[in-house]
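Trainee: Heads up, the sequence shown is in our numbering, so the first residue is 4 and it goes up one at a time.
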Amino acid sequence: MSTDEPDVLTRSARPPDRTVVTGPEQTDVYDVWEPPADRAPRGLTVALVHGGFWREQYDRHHLPPLAAALAADGFHVANLEYPRIGMPGGGWPGTGTSVSDRVESALADDQLPHRLLVVGHSAGGHLALWLASAEQPPAGLAGVVALAPVASLAEAHRLHLSHDAAVELLGGTPDQEPAAWAAADPARLGLTLPAVVLTGANDDEVPGSVIAAYQEGREVDEPVTFSEVVGAGHYDLIDPDHAAYLTLLAHLEQLAIGLG
4 MSTDEPDVLT RSARPPDRTV VTGPEQTDVY DVWEPPADRA PRGLTVALVH
54 GGFWREQYDR HHLPPLAAAL AADGFHVANL EYPRIGMPGG GWPGTGTSVS
104 DRVESALADD QLPHRLLVVG HSAGGHLALW LASAEQPPAG LAGVVALAPV
154 ASLAEAHRLH LSHDAAVELL GGTPDQEPAA WAAADPARLG LTLPAVVLTG
204 ANDDEVPGSV IAAYQEGREV DEPVTFSEVV GAGHYDLIDP DHAAYLTLLA
254 HLEQLAIGLG
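1. Just tell me which of P210, L73, H124, T176 has its CA closest to the CA of Y61.
2. When the distance is taken between beta carbons, is W95 closer than 9 Å to A183?
3. Taking only runs of the beta strand (DSSP E) that begin and end inside the segment 78–119, which ones reach a length of at least 3 residues, in chain order?
4. Which of the three DSSP states, helix, strand or coil, is assigned to A204?
5. Have a look at the DSSP bridge pairing and note the partners of E231.
6. How about H129 and P189: are their beta carbons less than 9 Å apart?
7. Inspect the beta-carbon positions of A145 and G261 and report whether they are closer than 9 Å.
8. Can you tell me whether D76 is helix, strand or coil according to DSSP?
9. For chain B, is any of its Cβ atoms less than 9 Å away from the one on S108?
10. How about I88 and E171: are their beta carbons less than 9 Å apart?
11. What number of angstroms, rounded off, separates the C-alpha of L51 from the C-alpha of Q218?
12. On the DSSP letters alone, give me the boundaries of the alpha helix (DSSP H) that Y217 sits inside.
13. Please report the distance separating the alpha-carbon of E231 from that of G93.
14. Count the other CB atoms, across all protein chains shown, that sit within 10 Å of the CB of P68; report buried if there are 16 or more and exposed otherwise.
15. Provide the residue(s) that pair with H129 in DSSP beta bridges, ordered along the chain.
16. Taking 9 Å as the cut-off, decide whether the C-beta atoms of V23 and S103 are in contact.
17. In the DSSP assignment, find the beta strand (DSSP E) that holds A50 and state where it starts and stops.
18. CB G77 to CB P19, shorter than 9 Å?
19. Indicate whether H237 and V199 have their beta-carbon atoms separated by less than 9 Å.
20. Can you name, in chain order, every residue of its own chain whose Cβ lies under 7 Å from the Cβ of I241, other than the five neighbours on each side?
21. Where E59 and H160 are concerned, what is the direct C-alpha to C-alpha distance, given to the nearest angstrom?
22. In its own chain, which residues sit with a C-beta less than 6 Å from the C-beta of L73, not counting the 5 before and 5 after it?
23. Between T13, G55, Q114, which has its C-alpha nearest D34's C-alpha?
24. Quick one, which of G193, D239, P243, L249 has its alpha-carbon nearest D313's?
25. Identify which residue in T13, A75, D31 has its Cα closest to the Cα of Y248.
26. With DSSP collapsed to three states, give me the class of D34.
27. Just to confirm, is the Cβ distance from L120 to L110 under 9 Å?
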């Protein structure tokens, strides 16, 4: 993330209705926002996966504005936490499997609708695409929206994004840890669930070449949609006050139609 952080990362928002602890670690947790009483619920859970290049200092607490907005629009929202680099359970594969575990916890939550979509931003977008490429994704996960995702770890490494964060996540370079890179990079995996890749034309955190590298690896029949918001930067995609939010809503509604 940039040192000049935008307002949306610290903006106040309606607090969650409840917090669910799923295990002994501080990252074994998710926050829930429910639709207000005067808004008809959509019967759909959106699980948010935050970004921050998988680094410890960036956690779920910059997503409440997006979570509260989605709840106001009728979604049940689960804002997931997960272990990052250097934390207990963090690194690879722990970071990925922890997100999968948290999704399964949300799906098992009897106060949440059991139709679920994942929305991940930046590093969380990488994790969303990875989930959507699993041979056996969590039962009940119906699709993902990846916002400005680190969709190609190889390209992120080539560009040394965030001081080689991908190398830190995977415990070494591609030559040192080839199996981890092969297993963790969505650009090397085929989708098993529908996915939307939503980007901002003015993103200076995850350059367009990262998305292009992912797009080049797709098969013709893979269930993926690519969408770009003109004039949007990296953080605009999680800002409910930006026009990009309406594009996100449209894609969520389209995925929901596919759920029946």
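Heads up, the beta-carbon is just placed ideally off N, CA and C, and yes, glycines get one too.
Fair warning: this is a prediction, and the values are worked out from it, not measured in the lab.
Mentor: The short version:
1. Mapped onto the sequence shown, residue 61 falls at position 58. Minimum Cα distance to Y61 is reached at H124.
2. Translated into positions along the sequence shown, residue 183 becomes position 180. Translated into positions along the sequence shown, residue 95 becomes position 92. Yes, the Cβ-Cβ distance between A183 and W95 is below 9 Å.
3. 79–83
4. Counting from 1 along the sequence shown, the entry for residue 204 is found at position 201. Of the three classes helix, strand and coil, the one that applies to A204 here is coil, per DSSP.
5. The count along the sequence shown starts at 1 and reaches residue 231 at position 228. The partner list for E231 (beta bridge, DSSP) reads T202.
6. Residue numbering aside, residue 129 sits at position 126 when the sequence shown is read from its first letter. Residue numbering aside, residue 189 sits at position 186 when the sequence shown is read from its first letter. A contact, by the Cβ cut-off of 9 Å.
7. Here residue 145 refers to the residue found at position 142 when the sequence shown is read from its first residue. Here residue 261 refers to the residue found at position 258 when the sequence shown is read from its first residue. Cβ atoms of A145 and G261: closer than 9 Å.
8. Position 73 of the sequence shown, counted from the first residue, corresponds to residue 76. Assignment of D76 by DSSP, reduced to helix, strand and coil, places it in the coil class.
9. Among the chains in the structure shown there is no chain B, since it carries only a single protein chain.
10. Sequence index remark: in the sequence shown, residue 88 carries index 85 (1-based). Sequence index remark: in the sequence shown, residue 171 carries index 168 (1-based). In contact: I88 and E171 (Cβ atoms closer than 9 Å).
11. As a first step, residue 51 must be located in the sequence shown, where it is residue number 48. As a first step, residue 218 must be located in the sequence shown, where it is residue number 215. The straight-line gap from Cα to Cα measures roughly 23 Å.
12. Counted from its first residue, the sequence shown places residue 217 at position 214. First-last of the alpha helix (DSSP H) with Y217: 211–219.
13. Numbered from 1 along the sequence shown, position 228 holds the residue referred to as residue 231. Numbered from 1 along the sequence shown, position 90 holds the residue referred to as residue 93. Going from the Cα of E231 to the Cα of G93 covers about 31 Å.
14. Numbered from its first residue, the sequence shown carries residue 68 at position 65. Of the other Cβ atoms in all chains shown, 16 or more fall within 10 Å of the Cβ of P68; this residue is therefore buried.
15. Position 126 of the sequence shown holds residue 129. Note: H129 sits in no beta bridge, so no partner.
16. For this step, residue 23 is matched to residue 20 along the sequence shown. For this step, residue 103 is matched to residue 100 along the sequence shown. Their beta carbons are not under 9 Å apart, which means V23 does not touch S103 by this criterion.
17. Against the sequence shown, residue 50 aligns to sequence position 47. First-last of the beta strand (DSSP E) with A50: 48–52.
18. Residue numbering aside, residue 77 sits at position 74 when the sequence shown is read from its first letter. Residue numbering aside, residue 19 sits at position 16 when the sequence shown is read from its first letter. Cβ distance not < 9 Å, so G77 and P19 don't count as in contact.
19. For this step, residue 237 is matched to residue 234 along the sequence shown. For this step, residue 199 is matched to residue 196 along the sequence shown. Cβ distance not < 9 Å, so H237 and V199 don't count as in contact.
20. In the sequence shown, residue 241 corresponds to position 238, counting from 1. Cβ neighbours of I241 beyond the five flanking positions: V11, L66, L69, H124, L150.
21. Position 56 of the sequence shown holds residue 59. Position 157 of the sequence shown holds residue 160. Whole-angstrom Cα-Cα distance: 19 Å.
22. Indexing the sequence shown from 1 puts residue 73 at position 70. Taken in chain order, the residues that qualify are V49, V80.
23. Locating residue 34 in the sequence shown gives position 31, where the first residue counts as 1. Among T13, G55, Q114, the Cα nearest to that of D34 is on Q114.
24. The structure shown does not extend to residue 313, since the chain spans only 4 to 263, so no value can be given for it.
25. Residue 248 sits at position 245 when you count from the first residue of the sequence shown. Selected option, being the one with the closest Cα: A75.
26. As a working mapping, residue 34 is identified with position 31 in the sequence shown. If DSSP states are grouped into helix, strand and coil, D34 belongs with the strands.
27. For the purposes of this step, residue 120 is taken as the residue at position 117 of the sequence shown. For the purposes of this step, residue 110 is taken as the residue at position 107 of the sequence shown. For L120 and L110, no; Cβs fall outside 9 Å.
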